[in-house]
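The numbers in the sequence shown follow UniProt numbering, run straight up by one, and end at 121.
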Amino acid sequence: MTAIWEVSISEFVFVTIVLGCGAAWLTGRATARVWAPWWQLAVYVVLLGIATRFIHFSLFNGTFFLPLAGFGTGVYYFLVDLVFLGMAAAAGRQVTRARQMASQYGFLAGRPHAAENASEA
């Protein structure tokens, strides 16, 4: 065990970074597209963190929240996963929201509006 990954670095990269952060990015995009509040994204990221921790537990013999003997270790690595998932979800939300704002309010940034571009073509 190390400070960031529990079983091996390849397992951490595959489960947390590739699968978990990919799902978190898409979750951030989805909440931005429907203009959901930040707290809703936070709830989804916590649920995604629990699912990620379960994958670590079930496939790679990592810790989960039960039994209580390993609860502290499970919570620690859950928080580590949560940091990575939260960053990916926030980035996905921010990129999508920036694109929404640029296409909707492009005239404020000096860019022509999307409807004006369509009429010129």
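Heads up, the beta-carbon is just placed ideally off N, CA and C, and yes, glycines get one too.
- Task: Please say whether glycine 28 and arginine 93 have beta carbons closer to each other than 9 angstroms?
- Result: At a Cβ-Cβ threshold of 9 angstroms, arginine 93 and glycine 28 count as neighbours.
- What residue from Glu11, Leu108, Trp35, Ile4 has the CA that sits closest to leucine 59's CA? Glu11
- Message: Using the Cβ count rule (16 or more neighbours within 10 Å means buried), how would you classify isoleucine 9?
- Response: Burial is judged here by how many other beta carbons sit within 10 angstroms of a residue's own beta carbon; isoleucine 9 has fewer than 16 and is exposed.
- Apart from the five residues just before and just after residue 125, which ones in its own chain have a Cβ nearer than 7 angstroms to its Cβ? In this structure the chain extends from 1 to 121, so residue 125 is not present and cannot be described.
- Message: Quick check: what's the CA-CA separation for leucine 48 versus tyrosine 105?
- Response: 33 angstroms
- Task: Give the DSSP-derived three-state secondary structure of residue 167 in the structure shown.
- Result: Not covered by the structure: residue 167. The range shown for the chain is 1 to 121.
- Buried/exposed call for valine 13, threshold 16 Cβ in 10 Å: exposed
- Query: Under 9 angstroms, do alanine 89 and alanine 36 count as touching if we go by C-beta distance?
  - Reply: no
- Please report how far the alpha carbon of glycine 86 lies from the alpha carbon of tryptophan 38, in whole angstroms. If you take the alpha carbons of glycine 86 and tryptophan 38, they lie about 11 angstroms apart.
- Short Cβ contact (9 angstroms threshold) for tyrosine 32 with glutamine 100: First, the amino acid is wrong: residue 32 is alanine here, not tyrosine. Yes. Within cutoff.
- Query: Taking the alpha-carbon positions, what's the arginine 97 to serine 103 distance?
  - Reply: In a straight line, the C-alpha of arginine 97 is about 10 angstroms away from that of serine 103.
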